[in-house]
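Data block below; observations after.
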Amino acid sequence: MSGYSPEERIRELEQMFLGGPIIANGKSFSIETLLDVLLVLYDECCNSTLRREKTVSTFIENGIYYLIANWIYKFENPVIDF
1 MSGYSPEERI
11 RELEQMFLGG
21 PIIANGKSFS
31 IETLLDVLLV
41 LYDECCNSTL
51 RREKTVSTFI
61 ENGIYYLIAN
71 WIYKFENPVI
81 DF
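Heads up: the sequence shown begins at 1 in full-length UniProt numbering, then just goes up one per residue.
As structure tokens, then:
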């Protein structure tokens, strides 16, 4: 990928992730997996002693990650559905 322009790399990544793991021959994660990873990272940072570190607290307190995490939680299936 090093010979590609930034626009070509973005297009390639979009095709890989929008197509999902089946189209990308297993070389991609699903959108659900990426959202789960973001939530786990956010939760671990909120609930750990790492929160005292400046970079972690900046990540947590940055409004966009808080808003995204809350938006994802709103659409998550409750445990009772299983």
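The beta carbon of each residue, even a glycine, is placed where N, CA and C say it ideally should be.
| query | result |
| --- | --- |
| Given this structure, state the Cα-to-Cα distance separating Asp36 from Ile64, to the nearest angstrom. | 16 Å |
| My guess is that Ile60 and Cys46 are in contact by the Cβ rule of under 8 Å, so how many angstroms apart are they, rounded? | 6 Å |
| Quick check on DSSP: helix, strand or coil for Asn70? | helix |
| Compute the Euclidean distance between the alpha carbons of Phe75 and Glu8, then round it to the nearest angstrom. | 32 Å |
| For Leu34 and Arg52, what's the separation of their Cα atoms in angstroms? | 26 Å |
| Can you find the residues in the same chain that come closer than 8 Å, C-beta to C-beta, to Tyr73, ignoring five residues on each side of it along the sequence? | Leu39 |
| Buried or exposed for Tyr4, please, with buried defined as at least 16 other CB atoms from any protein chain shown within 10 angstroms of its CB. | exposed |
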